[in-house]
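Asks: Let me give you the structure first, and then I'll get to my questions.
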Amino acid sequence: MKLTGAQALIKSLEMQGVEVIFGLPGGAILPVYDPIIDSPIRHILVRHEQGAGHMAEGYAQVTNRPGVAMVTSGPAATNIVTPLANAYMDSTPMVVITGQVATSSIGTDAFQEADTTGITMSITKHNWLITDASEVPEVVAEAFHVATAGRPGPVLIDMPKDVSNQMMDWYWPEAVDLPGFKPTTKGHPRSIQAAARMIKESKRPVLYVGGGVIRSGASSALLALAEKTGIPVVTTLMARGAFPDSHPLCLGMPGMHGNYTAVTAMQKSDLLITLGARFDDRVTGKLAGFAPEAKVIHVDIDPAELSKIRQADIPIVGDVRSVIEDLIEALDKGEAGEMAQFDLAPWISQIRDWQKRFPLTYDREGSGSGLKPQYVIETLSSLTPEGTILASGVGQHQMWASQYWRFEHPNAWVNSGGLGTMGYAVPASIGAKVGRPDKMVWAVDGDGCFQMTAQELVTASAERIPVKIALLNNAYLGMVRQWQEMFYDQRYSEVYLSPDLPDYVKWAEAMGCVALRVESPEEVAPAIEKANDINDRPVVIEFRIDSGEKVYPMVPAGATNDEIVLGPMFGGGQ
Amino acid sequence: MTNVGPAVVPMSLPGGRSARGLSHHVLSVLVENRAGVLARVAQLFSRRGYNIYSLAVAPTDDERFSRLTVVVDLESTPLEQITKQLHKLINVIKITEIDPADAVEQELLLAVVAADVSSRGQILELAGIFGAKVLDVGLERLTLALADTPEKLDGFTELIKVFGLIEVQRSGRVALAKLNRGGGRGGVSRGKAS
Ligand SMILES: Cc1ncc(C[n+]2csc(CCOP(=O)(O)OP(=O)(O)O)c2C)c(N)n1
Ligand SMILES: [Mg+2]
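Okay, structure coming up:
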């Protein structure tokens, strides 16, 4: 069968089981948009290419399948650079296809030419410039394999226009042959035994759980390990939902805005059992003072993460689910009675004491003007159905969402962790809803973030993707304002946005959404309930929140986690 | 868009020093012979803040592969991080770490030396002692070539400097692990992982 390169590309995506492409056409990718008309693959036309990338990420975060985005060359390719960098940081599987000028024009500064493979080299797991149509099926198969195998991440295929028009003989490769890409998935048995021994000898262990647990589908294995050993669990920002918040062993989120118990349990621990986490600086605080007495067992599928930041006593390369399963077995096998002597009661009672004395809390009476953002999120969490997916932007609202939402399931939290990309929430929530149409999808967004990517609500209206946005309007780039208040003597520099410019309700309505404005606590629940009932279009609720509210606890930048500031509710911190 | 062709690229990125101190280590990296591989390796070093002291690239006897010989400066980063990050490049097939103490190394030096009638004889004598070749002869200059260990090249340069060095060029180092007298070759090879 003779196909053009463009037809082969679409057919290859079909062979990969792709159900949806997020994209926007243009000159260099034009030939590829023609066969889309005849393909069963759904195409969602975005309003900005950054939206296409974040939608693909949101889709991937809730389905654990690679999201696919397709855009043209030059400015479109550079518009999708941010999502690539974001997906690379958060290990999100994504395949991006970019158009490129004809091979004969590459290097001549042709119209809409950009060195896309060069620009994206350090923010993709790998990228390919196709130079002959016969390579298309092979490269597509390789790209999906690389995006999903080992540590997941984004890949990019650059497709020159003449290659799209070139004829090729269709084939589909039976297997992918990449001699330089052979991820190790099985943990080394001897290391796993050593880890089991170290666990049994520990007195103050903590399961330090990162996003890798979600990517590898290891939640139920983790639950089994925690329940078997009674070891408490902290879930990082990327891992919220990997272990249920309602479980007695769940301590919640550690890190810069983590709760006191999660932060302090790690700090005082004698063994961090690190599962798919990477000792990010937002978790460790000042590294030299981080968990000074802890030994480290570190499990990751990416060997380069082991001992990159913190030296591991037992490094284990492998898929975290498979390693946890093997570890449970190894714990069973050891000498009889060992497990019986493993007594965490004093540690757990210490933890319970911290939890009682230093809970996450805020000023419920609501001094100050405007709604308490924490109250909005608590209410949202309690009024939405079990399994609701929550997306978030980046800023104070993201931290409040992570602190006050109840996370019970994996793949239900869609956020930008490593890169901290403002504007993630709206497009990512749309991608999530496309991936899981059966779930209710809410996004918590900031006014600053909303202004960066709100136009994708036009996409959502046009495509009838009923996402719901809780816009926490504090009239500020709030997180930056908080730093200026606390560390720059309240000298506010370029952080004021205004509460009513733009008029968010009018704007949302103009984009085809139902829009509500909520200013008093009594209106919060009814507005959420009203939004929950709308299923044929997007909804935006603008919550007017207290501009002065800050995120606590906080470990100031550069401080150790021992210097955690609890905030005014505990009589300290401003 | 060209393949990694035969090239010998001497590089001195920030931090690279002329002294071949103990902080240098040689990585022999087998890569797929494909477009852009050299760029990927170079960008990885630059983005992660690793220092390349010198780099030599050439095809191997198997045309599917090229070999990069990278002399890395270990002051900034542990070798283990560098090799692990290199391994993450899809086009990297195999990395052999060669400790300079367990390696045979060669580097090429080309030098243009001022050589008038009075000094020419002495220069040729020195060249003879070191085994350098005369590549080109001008009225008042000689171009010499010497392939040897980096230390020998240093020594030779030191001596001919006295006569007036007009131009010097050195290639990056190429190295192989010393042969194990019991059979086989030394060096620590690392297989691939994700
Ligand atoms: C693209 C981008 N630009 C700048 C920043 C720096 N930054 C982090 S949070 C923040 C403020 C976000 O404001 P808003 O969306 O209103 O959220 P709030 O903190 O007020 O809840 C800024 C500017 C960023 N993370 N991303
Ligand atoms: Mg704000």
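Keeping their order, the protein sequence lines are chains A and B.
Mapping of the first sequence onto this note's numbering: position 426 corresponds to residue 426, and the numbering continues sequentially without gaps.
One rule links them: number in this note's numbering = place in the second sequence (from 1) + 574.
The beta carbon of each residue, even a glycine, is placed where N, CA and C say it ideally should be.
Fair warning: this is a prediction, and the values are worked out from it, not measured in the lab.
1) If you measure between the beta carbons of Val-68(A) and Ala-56(A), is that distance less than 8 angstroms?
2) Measure the C-alpha to C-alpha separation of Ala-630(B) and Glu-681(B) and round it to an integer number of angstroms.
3) Does any C-beta atom of chain A lie closer than 8 angstroms to the C-beta of Gln-617(B)?
4) Pull up the distance between the alpha-carbon of Gly-217(A) and that of Met-89(A), whole angstroms please.
5) When Cβ atoms are compared, which residues of the stretch 174-188 of chain A fall closer than 9 angstroms to chain B?
6) With 8 angstroms as the threshold, decide whether the Cβ of Glu-741(B) is near any Cβ in chain A.
7) When a residue counts only if its C-beta is closer than 6 angstroms to some heavy atom of ligand 1, which residues count, in chain order?
8) Measure the C-alpha to C-alpha separation of Phe-181(A) and Gln-355(A) and round it to an integer number of angstroms.
9) Quick one: does Gly-746(B) have its CB under 8 angstroms from some CB of chain A?
10) Considering only residues of the stretch 184-260 of chain A, which uninterrupted beta strand (DSSP E) runs meet the minimum length of 3 residues and lie entirely inside it, listed in chain order?
11) Based on the DSSP secondary-structure assignment, which residues constitute the bridge partners of Pro-160(A)?
12) Go ahead and label Gly-702(B) buried or exposed: buried means 16 or more other beta carbons lie within 10 angstroms of its beta carbon, across all protein chains shown.
13) For the beta strand (DSSP E) containing Leu-684(B), name the first residue and the last one.
14) Taking the alpha helix (DSSP H) that His-397(A) falls in, what are its first and last residues?
15) Residues of the stretch 665-692 of chain B with a CB closer than 7 angstroms to any CB of chain A: list them in chain order, please.
16) Would you kindly report the start and end of the unbroken beta strand (DSSP E) that includes Asn-625(B)?
17) Does DSSP put Tyr-88(A) in a helix, in a strand, or in coil?
18) Would you kindly check if the distance between the Cβ of Gly-241(A) and the Cβ of Trp-413(A) is under 8 angstroms?
19) Please classify Arg-621(B): does DSSP put it in a helix, a strand, or coil?
20) Under the three-state reduction of DSSP, which class applies to Asn-473(A): helix, strand or coil?
21) Which of the residues in the stretch 102-124 of chain A, read from start to end, lie with their CB under 9 angstroms from any CB of chain B?
22) Note the first and the last residue of the continuous alpha helix (DSSP H) segment covering Phe-450(A).
23) Pull up the CB-CB distance for Asn-415(A) and Ser-392(A), whole angstroms please, since I reckon it's below 8 angstroms.
24) Quick one: list the residues of chain A neighbouring Gly-610(B), beta-carbon separation under 7 angstroms, in chain order.
25) Within 8 angstroms, do at least three Cβ pairs link the stretch 260-270 of chain A to the stretch 518-538 of chain A?
26) At the level of alpha carbons, what is the spacing between Val-467(A) and Met-440(A)?
27) Ordered along the chain, which non-local residues of its own chain (more than five positions away) have a Cβ less than 6 angstroms from that of Trp-305(A)?
28) List the residues of chain B that Val-146(A) touches, going by C-beta distances under 8 angstroms, in chain order.
29) What three-state label does DSSP hand Glu-14(A) in the structure shown?
30) I'd like to check one pair, Ser-91(A) with Arg-639(A): are the Cβ atoms closer than 8 angstroms?
31) Spell out whether any CB of chain B is found under 8 angstroms from the CB atom of Ala-304(A).
32) Taking the continuous beta strand (DSSP E) assigned at Glu-670(B), which residues delimit it?
33) Could you name the residues of chain A that Gln-655(B) contacts, counting a contact when the two beta carbons are closer than 9 angstroms?
34) Taking just the CA atoms, how far does Val-394(A) sit from Val-480(A)?
35) In angstroms, rounded to a whole number, what distance separates the CA positions of Arg-321(A) and Gln-112(A)?
36) Are Val-96(A) and Leu-84(A) closer than 8 angstroms when you measure CB to CB?
Replies: According to the structure data:
1) In the first sequence, the residue the question calls residue 68(A) occupies position 68. In the first sequence, the residue the question calls residue 56(A) occupies position 56. Contact: yes.
2) For this step, residue 630(B) is matched to residue 56 along the second sequence. For this step, residue 681(B) is matched to residue 107 along the second sequence. Each residue's alpha carbon lies about 10 angstroms from the other.
3) As a working mapping, residue 617(B) is identified with position 43 in the second sequence. It does; some Cβ of chain A falls within 8 angstroms.
4) Sequence index remark: in the first sequence, residue 217(A) carries index 217 (1-based). Sequence index remark: in the first sequence, residue 89(A) carries index 89 (1-based). For Gly-217(A) and Met-89(A), the distance between alpha carbons rounds to 19 angstroms.
5) Leu-178, Pro-179, Gly-180, Phe-181, Lys-182, Pro-183, Thr-184, Thr-185
6) Working through the second sequence from its first residue, we reach residue 741(B) at position 167. For Glu-741(B), the answer is no, since every Cβ of chain A falls outside 8 angstroms of its Cβ.
7) Gly-393(A), Val-394(A), Gly-395(A), Gln-396(A), His-397(A), Gly-420(A), Thr-421(A), Met-422(A), Gly-446(A), Asp-447(A), Gly-448(A), Cys-449(A), Leu-472(A), Asn-474(A), Tyr-476(A), Leu-477(A), Gly-478(A), Met-479(A), Val-480(A)
8) Here residue 181(A) is taken as the residue at index 181 of the first sequence, counted from 1. Here residue 355(A) is taken as the residue at index 355 of the first sequence, counted from 1. If you take the alpha carbons of Phe-181(A) and Gln-355(A), they lie about 45 angstroms apart.
9) The residue given as residue 746(B) occupies position 172 in the second sequence. With 8 angstroms as the cut-off, Gly-746(B) does not count as an interface residue toward chain A.
10) 205-209, 233-235, 250-252
11) For the purposes of this step, residue 160(A) is identified with residue 160 of the first sequence, where counting begins at 1. Its beta-bridge partners are Gln-100(A).
12) Residue numbering aside, residue 702(B) sits at position 128 when the second sequence is read from its first letter. So Gly-702(B) ends up on the exposed side.
13) Taking the first residue of the second sequence as 1, we reach residue 684(B) at position 110. Run containing Leu-684(B): 677-688, per the beta strand (DSSP E) assignment.
14) Residue numbering aside, residue 397(A) sits at position 397 when the first sequence is read from its first letter. 396-404 is the extent of the alpha helix (DSSP H) around His-397(A).
15) Within the stretch 665-692 of chain B, the qualifying residues are Asn-665, Val-666, Ile-667.
16) The residue you call residue 625(B) lines up with position 51 of the second sequence. It spans 625-633 - the beta strand (DSSP E) in which Asn-625(B) sits, taken as one unbroken run.
17) To locate residue 88(A), count along the first sequence from 1; it is residue 88. Three-state result, Tyr-88(A): helix.
18) Locating residue 413(A) in the first sequence gives position 413, counting from the first residue. Locating residue 241(A) in the first sequence gives position 241, counting from the first residue. Result yes, Cβ atoms of Trp-413(A) and Gly-241(A) sit closer than 8 angstroms.
19) Position 47 of the second sequence, counting from 1, holds the residue named residue 621(B). It is helical.
20) Taking the first residue of the first sequence as 1, we reach residue 473(A) at position 473. In this structure, Asn-473(A) counts as strand in the three-state DSSP scheme.
21) Thr-103, Ile-106, Gly-107, Thr-117, Gly-118, Met-121, Ser-122
22) Here residue 450(A) refers to the residue found at position 450 when the first sequence is read from its first residue. Its alpha helix (DSSP H) spans residues 447-453.
23) By 1-based counting over the first sequence, the position of residue 415(A) is 415. By 1-based counting over the first sequence, the position of residue 392(A) is 392. Asn-415(A) to Ser-392(A), Cβ: 4 angstroms. Contact.
24) Within the second sequence, residue 610(B) is the residue found at index 36, counting from 1. Those within 7 angstroms of Gly-610(B) in chain A are Thr-117.
25) Output reads no: the stretch 260-270 of chain A does not touch the stretch 518-538 of chain A.
26) In the first sequence, residue 467(A) corresponds to position 467, counting from 1. In the first sequence, residue 440(A) corresponds to position 440, counting from 1. Each residue's Cα considered, the two are about 8 angstroms apart.
27) By one-based count along the first sequence, residue 305(A) stands at place 305. According to the sequence provided, residue 305(A) is Glu. The question's Trp does not apply to it. These residues qualify, in order along the chain: Arg-278.
28) Taking the first residue of the first sequence as position 1, residue 146(A) is located at position 146. Result: Ile-664.
29) By one-based count along the first sequence, residue 14(A) stands at place 14. Helix at Glu-14(A).
30) Residue 639(A) lies beyond the range of chain A shown here (1 to 574); nothing can be said about it.
31) In the first sequence, the residue the question calls residue 304(A) occupies position 304. With 8 angstroms as the cut-off, Ala-304(A) counts as an interface residue toward chain B.
32) One-based indexing of the second sequence puts residue 670(B) at position 96. The displayed chain sequence assigns Thr, not Glu, to residue 670(B). Note, Thr-670(B): beta strand (DSSP E), 666-672.
33) To locate residue 655(B), count along the second sequence from 1; it is residue 81. By Cβ distance, chain A contributes Ala-304, Ser-307, Lys-308.
34) Locating residue 480(A) in the first sequence gives position 480, where the first residue counts as 1. Locating residue 394(A) in the first sequence gives position 394, where the first residue counts as 1. Here the alpha carbon of Val-480(A) sits roughly 11 angstroms from the alpha carbon of Val-394(A).
35) Walking along the first sequence from the start, residue 321(A) turns up at place 321. Walking along the first sequence from the start, residue 112(A) turns up at place 112. Approximately 44 angstroms, taken between the alpha carbons.
36) As a position in the first sequence, residue 96(A) is number 96, starting the count at 1. As a position in the first sequence, residue 84(A) is number 84, starting the count at 1. Their beta carbons are under 8 angstroms apart, which means Val-96(A) touches Leu-84(A) by this criterion.
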